[in-house]
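Number of protein chains: 2
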Amino acid sequence: MPYNLLKQNINNLVEMSEEDINRFTSYFKPRIIKKKDFLLRQGNVSKFEGFVVEGCFRVFTIDDKGNENTLYFAASDWWLMDIDSFTNQTPSNLNIQALEDSKVLIINRTDKLSLYQTIPSVEKLFRVMFQKALVAWQRRLVSNHCQTAKERYQIFVETYPHIALKLTDKHIASYLGITHEFLSKIKKSLN
Amino acid sequence: MPYNLLKQNINNLVEMSEEDINRFTSYFKPRIIKKKDFLLRQGNVSKFEGFVVEGCFRVFTIDDKGNENTLYFAASDWWLMDIDSFTNQTPSNLNIQALEDSKVLIINRTDKLSLYQTIPSVEKLFRVMFQKALVAWQRRLVSNHCQTAKERYQIFVETYPHIALKLTDKHIASYLGITHEFLSKIKKSLN
DNA sequence: ATCCCCGGTTGAACAAGTTCAACTTTTTTG
DNA sequence: CAAAAAAGTTGAACTTGTTCAACCGGGGAT
């Protein structure tokens, strides 16, 4: 039952009536994404938001110089969206790619926008979700400024050991904002 | 009329009835903060959220090694809060200090929490506000990973020329995540 | 089974940013 | 106004992280 995971996730964020939760989640459709396939490609306009039931995704952007930068990884129980493109219907700066065969629940934009209006607790759900995410992003920036790449690497693998297992060093390096060569040297220095 | 600026700011975020806006903003109390005084100190628990009417603030944290890191500056028309401490009532990691004599509108925690429940459009207001802020923080992290300090400095002064004028180089350096000595060398190289 | 492509490793030269210390200039305060 | 404090500058030595190029090894596609 993939919907149980979603419902549980919502329950951990806000108190919401059984009825509201059922109605809200009923708009999500399951979708299978094969390894290496894209849920969203840079340049396209995002029409959906997603919740990962199984598998793992990488959300990254490629800049003018061709550098890949990973914003975050989304494994089971994580949300997946390009807020900017979804909200403003502008071309996305993000790529969302499956790192392994994955299962997601998808809600489309039209449905979500109308649910904001018809189920007030959905506003609260996302207010709380964004609020939590904002704190995490602020912490990450400070961590980037105050800690060395080595420290950030250690904290990352300690904090997300299950996710780290699914990732190549290239992915981790692009998340930490360093080259994969340098990450290799960091790992060597840790022995 | 300081409340007009606040009302205008809200109107730019969401559509809200005259009545709701009036009721919501009526809970904000004006407060004067003198230059160098603190609206919040690291270690204390935040009981308020604020909106800057006049002046300028710096929101920063001091880490274990004694490094100051500036999360953001808040001049007129900006919101000012420690979301984490306000939400979870945990000791704050942030300092909020006035860089010049300033005027803010303050809402206390009890009032805000009850307004979330009594005025549904307040949920929406903050959902949209946090959503926008989240996009900005994601962009800032990518910018930090993909651009040099020199590039980030130039973009900062171009994007916020009016704020940059009020800041010392130390403040700007701690926002960019570099030492003030290095910022001095960057500025020299730009002549 | 084979090929090859991709991920990871290593080294050397280099660039970006830090540290510390000494000094000058500007701002604050009594 | 004077004195002191804070902000900014500069240089030299150092650390952190990058770039490029060469090499190794294993897993996927055919």
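Those protein sequence lines, which keep their order, are chains D and P.
The first sequence maps to residues 0 to 190 in numbering that gives the first Met the number 0.
The second sequence maps to residues 0 to 190 in numbering that gives the first Met the number 0.
Note that beta-carbon positions come from the ideal geometry of N, C-alpha and C, so glycine has one too.
Suppose you measure from the CA of P/ALA132 to the CA of P/THR147; what does that come to, to the nearest Å?
Each residue's Cα considered, the two are about 23 Å apart.
CB-CB under 7 Å to D/HIS179, same chain, minus the five flanking residues each way: which ones, in chain order?
Excluding sequence neighbours, D/HIS179 sits near ASP168, LYS169 and ALA172.
Residue range of the alpha helix (DSSP H) that D/THR60 falls in?
Looking at the DSSP string, D/THR60 is not in any alpha helix (DSSP H); the run it does join, the beta strand (DSSP E), is 55-61.
Starting from the C-beta of P/ILE9, find all residues in its chain whose C-beta is less than 7 Å away, skip the five residues before and the five after it, and write them out in chain order.
Cβ within range, chain order: MET15, ILE20 and LEU124.
By a C-beta neighbour count over all protein chains shown, 10 Å radius and 16 as the cutoff for buried, is P/LYS28 buried or exposed?
Label assigned to P/LYS28: exposed.
Roughly how many whole angstroms lie between the Cα atoms of D/GLU150 and D/ILE105?
Their Cα atoms are separated by approximately 36 Å.
Tell me whether D/TYR26 sits in a helix, a strand or coil according to DSSP, three-state version.
D/TYR26 falls in the coil class under three-state DSSP.
What are the residues that DSSP puts in a beta bridge with D/ALA97?
Partner(s): D/PHE56.
Three Cβ pairs or more, each shorter than 8 Å: is that satisfied between the stretch 30-50 of chain D and the stretch 107-124 of chain P?
In short, these stretches do not touch, since the Cβ pair count stays below three.
Which of helix, strand or coil does DSSP assign to P/LEU104?
Of the three classes helix, strand and coil, the one that applies to P/LEU104 here is strand, per DSSP.
Use the C-beta contact count for D/ASP83: other C-beta atoms within 10 angstroms, 16 or more gives buried, fewer gives exposed.
The residue is buried, with at least 16 neighbouring Cβ atoms inside 10 Å.
State the DSSP-derived secondary structure class of D/LEU70, mapped to helix, strand or coil.
In this structure, D/LEU70 counts as strand in the three-state DSSP scheme.
Sorted by chain position, which residues of the same chain lie with C-beta nearer than 8 Å to P/THR60's C-beta, five sequence neighbours on each side aside?
Correct list, in chain order: GLN41, GLU67, ASN68, LEU70, ASN92, LEU93 and ASN94.
Where do the N-terminal and C-terminal ends of the beta strand (DSSP E) with P/LEU39 fall, by residue?
Unbroken beta strand (DSSP E) run through P/LEU39: 37-39.
First and last residue of the alpha helix (DSSP H) that includes P/VAL156?
Looking at the DSSP string, the run of the alpha helix (DSSP H) that includes P/VAL156 is 148-158.
Would DSSP call P/GLU18 helix, strand or coil?
Here P/GLU18 sits in helix by DSSP.
Closer than 7 Å between beta carbons: that is the criterion. Which residues of the stretch 119-136 of chain P meet it against chain D?
Going along the stretch 119-136 of chain P in chain order, one finds PRO119, GLU122, LYS123, PHE125, ARG126, PHE129, GLN130, ALA132, LEU133, VAL134 and TRP136 with a Cβ nearer than 7 Å to chain D.
Quick check on P/TRP136: does DSSP put it in helix, strand or coil?
Helix at P/TRP136.
To the nearest angstrom, report how far apart P/LEU12 and P/LYS6 are at their CA atoms.
Their backbone Cα atoms lie some 10 Å apart in a straight line.
Give the residues of chain D in contact with P/LEU70, contact being defined as C-beta atoms less than 8 Å apart.
Those are GLN137, LEU140 and VAL141, listed as they occur along chain D.
Starting from the beta carbon of D/HIS170, find every residue of chain P whose beta carbon is closer than 7 Å, and list them in chain order.
Ordered by position in chain P, no residue passes the 7 Å Cβ test against D/HIS170, which lies about 14 Å from the chain.
Run down chain D in chain order and give the residues with a C-beta less than 8 Å from the C-beta of P/THR89.
Within 8 Å Cβ-Cβ: nothing; P/THR89 doesn't reach chain D, min ~11 Å.
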